[in-house]
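J.:
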Amino acid sequence: EPEVTQTPSHQVTQMGQEVILRCVPISNHLYFYWYRQILGQKVEFLVSFYNNEISEKSEIFDDQFSVERPDGSNFTLKIRSTKLEDSAMYFCASSERGNLAKNIQYFGAGTRLSVL
Amino acid sequence: AQKITQTQPGMFVQEKEAVTLDCTYDTSDPSYGLFWYKQPSSGEMIFLIYQGSYDQQNATEGRYSLNFQKARKSANLVISASQLGDSAMYFCAMREGTSGNTGKLIFGQGTTLQVKP
């Protein structure tokens, strides 16, 4: 069964460092998303991406964040200068379509980011 | 205002019994989708079941069913014949149809379910 793959599973970094979280969405999916979940809290939307551009971003997704689809398979989230409060689980998701209410998003297993 | 409310932070159920996890939502969009995801202790998010706002029948997927009451804006998840492996956090989420290409999901706070042997 196709699945969304995220690497690494755990990333430890020093405050102020840049990190890149990587995702390989399901191959025939066209819509890509990043969410984050601070420990013990609900999952929050960060950004959606379609047709090589950002469709929507939340207020969390400030200038420190960027997304990219560098090739036909990878989808990355970059945090330029990490802060302590960026420590969270980051989920990548993908869906075949995005323009319908029925839009099942399949999630990866997440990358746990720890900023020290 | 909260768009998705899950009022039960934690629930217990005896193995083999049924359990209902509550979810209420708030939207003025006539077209929306409601989703339930399971998050085991390992952390991944697993899609369980979907209900569309225009669906006439309640969704079912194996042991999962969704008790959709549109007028009350509730979309409760029912798990029948609970198994030990059902112990996890469960999230209710909504996607509003007018969000165009964004497709973002709005999540509730989650309910932790523990199945007792």
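Going down the list, the sequences are from chains F and S. The numbering used here numbers the first residue of the first sequence as 32 and each following residue consecutively. The numbering used here numbers the first residue of the second sequence as 299 and each following residue consecutively. No residue lacks a Cβ here, since even glycine has one placed at the ideal position from N, Cα and C. The model shown is predicted, which means the values in this text are computed figures rather than measured ones.
1) Using 8 Å as the threshold, is the C-beta distance between Met343/S and Phe80/F below it?
2) With a cut-off of 8 Å, does the C-beta of Arg393/S fall near any C-beta of chain F?
3) In terms of residues, what are the limits of the beta strand (DSSP E) holding Gln48/F?
4) Roughly how many angstroms separate the alpha carbons of Ile348/S and Tyr330/S, rounded to a whole number?
5) Can you give me the C-alpha to C-alpha distance between Ile110/F and Leu147/F, rounded to a whole angstrom?
6) From the DSSP output, read off the bridge partner residues of Gly350/S.
7) List, in order along the chain, the chain F residues whose C-beta lies closer than 9 Å to that of Thr407/S?
8) Please classify Ser380/S as buried or exposed, where buried requires at least 16 other C-beta atoms within 10 Å of its C-beta.
9) Excluding sequence positions up to five away, which residues of its chain have a Cβ less than 7 Å from the Cβ of Leu115/F?
10) Going by DSSP in three states, Leu108/F sits in which element: helix, strand or coil?
11) Would you decide whether Leu319/S is buried or exposed? Buried here means 16 or more other CB atoms lie within 10 Å of its CB.
12) Considering only their Cβ atoms, is the gap separating Thr113/F from Gln37/F smaller than 8 Å?
13) Suppose the cutoff is 6 Å on Cβ atoms and the five residues either side in sequence are ignored; what does the same chain contact list for Val74/F look like?
14) Using three-state DSSP, classify Gly103/F as helix, strand or coil.
15) Just the Cα atoms here: how many angstroms apart are Ser126/F and Val35/F?
16) For a cutoff of 8 Å on Cβ pairs, would you count Gln95/F as touching chain S?
17) Among Lys414/S, Ser378/S and Gly406/S, which residue has its Cα nearest to the Cα of Gln337/S?
18) Suppose you measure from the CA of Ile85/F to the CA of Val311/S; what does that come to, to the nearest Å?
T.: The structure says:
1) No; because the gap between Cβ atoms is not below 8 Å, this pair is not in contact.
2) It does: the Cβ of Arg393/S has a partner Cβ on chain F nearer than 8 Å.
3) Where Gln48/F is concerned, there is no enclosing beta strand (DSSP E), given that its DSSP letter is neither H nor E.
4) What sits at residue 348/S in the sequence shown is Tyr, not Ile. Taking the straight line joining both Cα atoms gives about 11 Å.
5) 14 Å
6) Gly331/S, per the DSSP bridge assignment.
7) Thr is not the amino acid found at residue 407/S; the sequence shown has Gln there. Chain F residues near Gln407/S: Gln72 and Lys73.
8) It counts as buried.
9) Met46 and Val146
10) strand
11) buried
12) By the CB criterion at 8 Å, Gln37/F and Thr113/F fall outside the cutoff.
13) Tyr66 and Gln68
14) coil
15) Going from the Cα of Ser126/F to the Cα of Val35/F covers about 10 Å.
16) no
17) Gly406/S
18) If you draw a straight line from the Cα of Ile85/F to the Cα of Val311/S, it is about 42 Å long.
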